[in-house]
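For the sequence shown, the numbering used here assigns the number 6 to the initial residue and increments by one for each residue that follows.
Notes follow the structure.
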Amino acid sequence: MRYLTVALTKGRLAEKTLGLFEKAGITCKEALDKDTRKLIFTNEDLKMNFFLAKGPDVPTYVEYGAADLGVVGKDTIMEEGRNIYEVLDLGIGKCRMCVAGPKSAASLLEDYGQIRVATKYPRIAKDYFHNVKNQTVEIIKLNGSIELSPIVGLSEVIVDIVETGSTLKENGLFVLEEICPLSARVVVNQVSMRMENERIREMISALRGVI
Ligand code: PRP
6 MRYLTVALTK
16 GRLAEKTLGL
26 FEKAGITCKE
36 ALDKDTRKLI
46 FTNEDLKMNF
56 FLAKGPDVPT
66 YVEYGAADLG
76 VVGKDTIMEE
86 GRNIYEVLDL
96 GIGKCRMCVA
106 GPKSAASLLE
116 DYGQIRVATK
126 YPRIAKDYFH
136 NVKNQTVEII
146 KLNGSIELSP
156 IVGLSEVIVD
166 IVETGSTLKE
176 NGLFVLEEIC
186 PLSARVVVNQ
196 VSMRMENERI
206 REMISALRGV
216 I
């Protein structure tokens, strides 16, 4: 039997994902070992490989077929725009994609003024402002700590993920508009979906049973 390969997102999503997989009988205990520098793990009984990758790389591995399946946030799926199937909402890693900023920026959004928007998600921000709101904005790509941007005057607002809201609160910022809800999804390579249909369907239904 061919080994099925699963790409998992490193970081805060990994532990929750592996917990859910474990409950569904898809065990990969080794991957939970925080001290290991090993990158890929095998479950010989299930004939499966698991590896941890940076979120934005998961859709890439899956599109090219280097992984048959992946688990990644909806934000990353939207931002990467890869040709992959999204087959299941795992209901973990729930958060929201929002426009945020100081209270004073609210009027700039209503007036459709020319503003600067800082974000780690330029594609999502562009789609929202240009296609949903029809507001011309300048998008500035950043790589982290996005909340800094309006504080130091790089942009009027940000487009970012809000989970508990405490990062915004601690920095005097507010959710001004909500773009969409987010959570972790299972994605599948388009060829694998046909070639390994039975095994993938079994896996999906086992996961569905525990969410
Ligand atoms: C994310 C996001 C926010 C924060 C939201 O950043 O970009 O900054 O979490 O969470 P909260 O609403 O619970 O405060 P992350 O910690 O992933 O790091 P980053 O700033 O480097 O992107």
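Idealized CB from N, CA, C, for every residue including glycine.
- Around the beta-carbon of Lys-43, fewer than 16 other beta-carbon atoms lie within 10 Å, marking it exposed.
- Of the residues Val-191, Ile-120 and Ile-205, the one whose Cα lies closest to the Cα of Ala-12 is Val-191.
- Rounded to whole angstroms, Thr-124 and Glu-84 show a C-alpha spacing of 11 angstroms.
- Proximity of the beta carbon of Val-180 to the ligand PRP is not indicated: no heavy atom of the ligand is located closer than 7 angstroms.
- Taking Leu-147 as the centre and dropping the five residues before and after it, the same chain places the C-beta of Ala-123, Thr-124, Lys-125 and Ser-154 closer than 7 angstroms to its C-beta, in chain order.
- Annotated as distal: Arg-121 and Val-104, with beta-carbon spacing of 8 angstroms or more.
- For Ala-105, the uninterrupted beta strand (DSSP E) segment begins and ends at 100 to 106.
- If the five residues before and after Glu-91 are omitted, its C-beta is found closer than 7 angstroms to the C-beta atoms of Ile-82, Arg-190 and Val-192, all from its own chain and listed in chain order.
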